[in-house]
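One structure is given below, encoded as structure tokens.
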Amino acid sequence: MKIAIATCSDLPEWEKDDLPFIDALKRHNFDVEVIPWDSTTDWSLYEACLIRTTWDYQERFEEFTAWIETVSMQTKLLNPKDILSWNSHKKYLMDLEDAGIAIAPSEWLLQGGNYEIGAIMKRRGWQKGFIKPLIGANARECCRFEIDAEGLRTAQEHIDRLTPLEDLVLQPYLTNVEEFGETSGIFFDHEFSHGTRKVPVKGDFRVQDDYGAKDYPYELSDKERAVAEKALSWVETKFGRLLYARIDFLHGNDGEAYLNEMELIEPSLFFRHGGKSSCNLLAEKLLKQLSS
Numbered sequence: 002m003k004i005a006i007a008t009c010s011d012l013p014e015w016e017k018d019d020l021p022f023i024d025a026l027k028r029h030n031f032d033v034e035v036i037p038w039d040s041t042t043d044w045s046l047y048e049a050c051l052i053r054t055t056w057d058y059q060e061r062f063e064e065f066t067a068w069i070e071t072v073s074m075q076t077k078l079l080n081p082k083d084i085l086s087w088n089s090h091k092k093y094l095m096d097l098e099d100a101g102i103a104i105a106p107s108e109w110l111l112q113g114g115n116y117e118i119g120a121i122m123k124r125r126g127w128q129k130g131f132i133k134p135l136i137g138a139n140a141r142e143c144c145r146f147e148i149d150a151e152g153l154r155t156a157q158e159h160i161d162r163l164t165p166l167e168d169l170v171l172q173p174y175l176t177n178v179e180e181f182g183e184t185s186g187i188f189f190d191h192e193f194s195h196g197t198r199k200v201p202v203k204g205d206f207r208v209q210d211d212y213g214a215k216d217y218p219y220e221l222s223d224k225e226r227a228v229a230e231k232a233l234s235w236v237e238t239k240f241g242r243l244l245y246a247r248i249d250f251l252h253g254n255d256g257e258a259y260l261n262e263m264e265l266i267e268p269s270l271f272f273r274h275g276g277k278s279s280c281n282l283l284a285e286k287l288l289k290q291l292s293s
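When we follow my numbering, the leftmost residue of the sequence shown carries the number 2, and every step to the right adds one.
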């Protein structure tokens with residue numbers, strides 16, 4: 002069975018986390034080719050295209066969404082097109098919130114609106130805030146601030162600069178991200194595979210290894226599993242079965258588990274913490290979906 006693994010043309014040489022998964026695919030008799038998504042390729046030559054490390058798509062969003070449309074007409078795209086389109090803009094968090102799934106308390110600062118940060122923070126009773134774009138990755142244009150004069154001025158300037166161009170979300174800054182970090186559960190065809198905990202450098206909130214963060218194996222708590230199950234079930238009822246999903250969590254001071262992001266396009270799957278069994282599980286789930 003011939004499949005394409007979509008990547009980006011400038012993938013860093015140090016990124017090797019998917020290599021044991023590709024080995025697992027070959028052990029399951031897949032003929033695998035790793036191809037940059039923006040290359041000139043006849044995708045119909047493959048029985049499926051599995052999106053993995055297309056990590057430049059946020060900077061080329063319109064081009065990437067057009068590519069999704071094209072490839073979905075030529076071969077089986079995984080995850081499927083409708084799921085990818087929905088997940089490409091973090092307004093999906095609004096849908097999850099409306100469905101009763103626990104996300105961090107949020108104020109949606111949508112493009113073209115006028116927002117007064119001081120009034121919002123006072124109404125919410127938040128002492129620290131966090132702003133991030135609804136299209137983005139790797140902590141792009143994130144802003145952490147306090148409600149003193151300098152912090153509010155910085156946040157207001159941030160909002161005024163970005164809302165003419167894009168959508169943002171404002172949330173309370175959950176301080177234990179600095180110590181405990183962000184946790185993730187990785188699921189293949191709704192089945193839990195493994196978890197990870199990403200811990201930033203002291204005093205930082207950025208959990209990406211680009212900023213020096215470390216990651217460790219992690220077992221999801223009962224609260225996290227319950228939130229993940231509710232989110233997976235809602236998405237699959239609406240869109241159909243997911244091949245892969247990474248669900249990220251932040252945590253409140255009283256132990257609340259908040260879904261921070263539901264990564265369904267090109268998440269790092271941290272195979273280094275799942276081991277050979279996680280690689281085999283995804284390969285088996287992929288074979289099952291392609292055979293059904």
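From the three backbone atoms N, C-alpha and C, an ideal C-beta is built for every residue, glycine too.
None of these values were measured; they are calculated from a predicted model.
By a C-beta neighbour count over all protein chains shown, 10 Å radius and 16 as the cutoff for buried, is G196 buried or exposed? By one-based count along the sequence shown, residue 196 stands at place 195. That one is buried.
Report the partner residues of G186 according to the DSSP bridge assignment. For the purposes of this step, residue 186 is taken as residue 185 along the sequence shown, with counting starting at 1. Per DSSP, the beta bridge partners of G186 are G196 and I248.
Using the three-state DSSP reduction, which class does T155 fall into: helix, strand or coil? Here the question's residue 155 lines up with position 154 in the sequence shown. In the structure shown, T155 adopts helical secondary structure according to DSSP, grouped into three states.
Buried/exposed call for K199, threshold 16 Cβ in 10 Å: Here residue 199 corresponds to residue number 198 of the sequence shown, with the count starting at 1. K199 comes out buried.
By the DSSP assignment, the beta strand (DSSP E) with Q172 in it spans what residues? The count along the sequence shown starts at 1 and reaches residue 172 at position 171. It spans L169 to P173 - the beta strand (DSSP E) in which Q172 sits, taken as one unbroken run.
Straight-line Cα distance separating E264 from F240: As a position in the sequence shown, residue 240 is number 239, starting the count at 1. As a position in the sequence shown, residue 264 is number 263, starting the count at 1. Distance between F240 and E264, taken at the CA atoms: about 15 Å.
Are the beta-carbon atoms belonging to I52 and L79 less than 8 Å from one another? Within the sequence shown, residue 52 is the residue found at index 51, counting from 1. Within the sequence shown, residue 79 is the residue found at index 78, counting from 1. A contact, by the Cβ cut-off of 8 Å.
Could you tell me the distance, in whole angstroms, from the CA atom of E258 to the CA atom of D249? Numbered from 1 along the sequence shown, position 257 holds the residue referred to as residue 258. Numbered from 1 along the sequence shown, position 248 holds the residue referred to as residue 249. According to the sequence as given, residue 258 is Ala; it is not Glu. For A258 and D249, the distance between alpha carbons rounds to 10 Å.
Consult DSSP for V228 and reduce its assignment to one of helix, strand or coil. Indexing the sequence shown from 1 puts residue 228 at position 227. Of the three classes helix, strand and coil, the one that applies to V228 here is helix, per DSSP.
Give the range of the beta strand (DSSP E) segment to which Y217 is assigned. Translated into the one-based positions of the sequence shown, residue 217 becomes position 216. K215 to Y219 is the extent of the beta strand (DSSP E) around Y217.
Strand pairing of E1, partner residues [DSSP]: With the chain covering only 2 through 293, there is no way to say anything about residue 1.
Take I104 and list the residues in its own chain whose beta-carbon comes closer than 8 Å to its own, dropping the five residues that flank it on each side. Taking the first residue of the sequence shown as 1, we reach residue 104 at position 103. For I104, where only same-chain residues beyond five positions count, the Cβ hits under 8 Å are L94, L97, E98, Y259, L260 and N261.
Which class does E34 belong to by DSSP, given the choice of helix, strand or coil? As a working note, residue 34 is residue 33 in the sequence shown. E34 falls in the strand class under three-state DSSP.
L291 versus R242, A246 and I36, residue with shortest Cα-Cα distance: Locating residue 291 in the sequence shown gives position 290, where the first residue counts as 1. When only C-alpha atoms are compared, the closest one is R242.
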